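Below: one structure, written as structure tokens.
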Amino acid sequence: MAAEEVSQTVDHYKTEIERLTKELTETTHEKIQAAEYGLVVLEEKLTLKQQYDELEAEYDSLKQELEQLKEYSVDTLDKGMIRVSGRMEQARMRFHHTTQNSAQFKTYELLISGILHLIFLDCSVPQVTNFRKQNRIQQAAAVFWT
């Protein structure tokens with residue numbers, strides 16, 4: 001009996017060793033697989049971090065470019081508004097000057113037509129002297145040239 005018990009105990013220990021060896025192999029395999037997955041995740045994390053850094057740098061660059069464009073647009077708009085405002089003022093002044101000149105010419109036209117009317121009236125009267133006729137013509141010329 002003792003030999004049988006020893007044989008059973010040895011068989012039991014062999015079975016237990018095989019089971020533990022199998023579990024150890026499986027556990028080791030699982031740990032290796034987990035470590036490999038961890039490395040893959042770490043590599044992906046590093047890749048994503050690098051992409052994030054690149055995108056952040058591009059974002060900062062684009063943000064700075066946008067700010068410069070805004071400043072340029074505001075400056076350009078201000079300069080354009082100043083130019084347009086200046087041109088509008090020049091046009092307004094030209095219009096005002098033209099209006100004044102037109103009014104002056106209308107006044108001169110009325111004065112000259114009045115003087116010419118008087119000259120023609122004087123000329124139609126035979127008693128008017130040449131001196132008086134000449135004096136009226138000089139008055140008309142003086143009004144026109146002043």
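Its first residue numbered 1, the sequence shown is counted upward by one per residue in the UniProt record's numbering.
Ideal Cβ placement from N, Cα and C applies to all residues, glycine included.
Note that the structure is a prediction, hence the values are computed from the model and not measured.
In whole angstroms, give me the CA-to-CA distance for residue i and residue j.
{"i": "E43", "j": "K49", "result": "10 Å"}
{"i": "D53", "j": "K63", "result": "15 Å"}
{"i": "Y72", "j": "S113", "result": "60 Å"}
{"i": "E26", "j": "T15", "result": "16 Å"}
{"i": "T92", "j": "A103", "result": "The amino acid occupying residue 92 in the given sequence is Arg; Thr does not appear at that position. Looking at the two C-alpha atoms, the distance is approximately 16 Å."}
{"i": "H97", "j": "L77", "result": "29 Å"}
Is there at least one non-hydrogen atom of the ligand ATP closer than 7 Å to the beta-carbon of residue i?
{"i": "L20", "result": "Ligands are entirely absent from the displayed structure, and the ligand ATP is therefore not among its contents."}
* **Runs of alpha helix (DSSP H) wholly within the region 50-100 (minimum 4 residues, chain order)** => none
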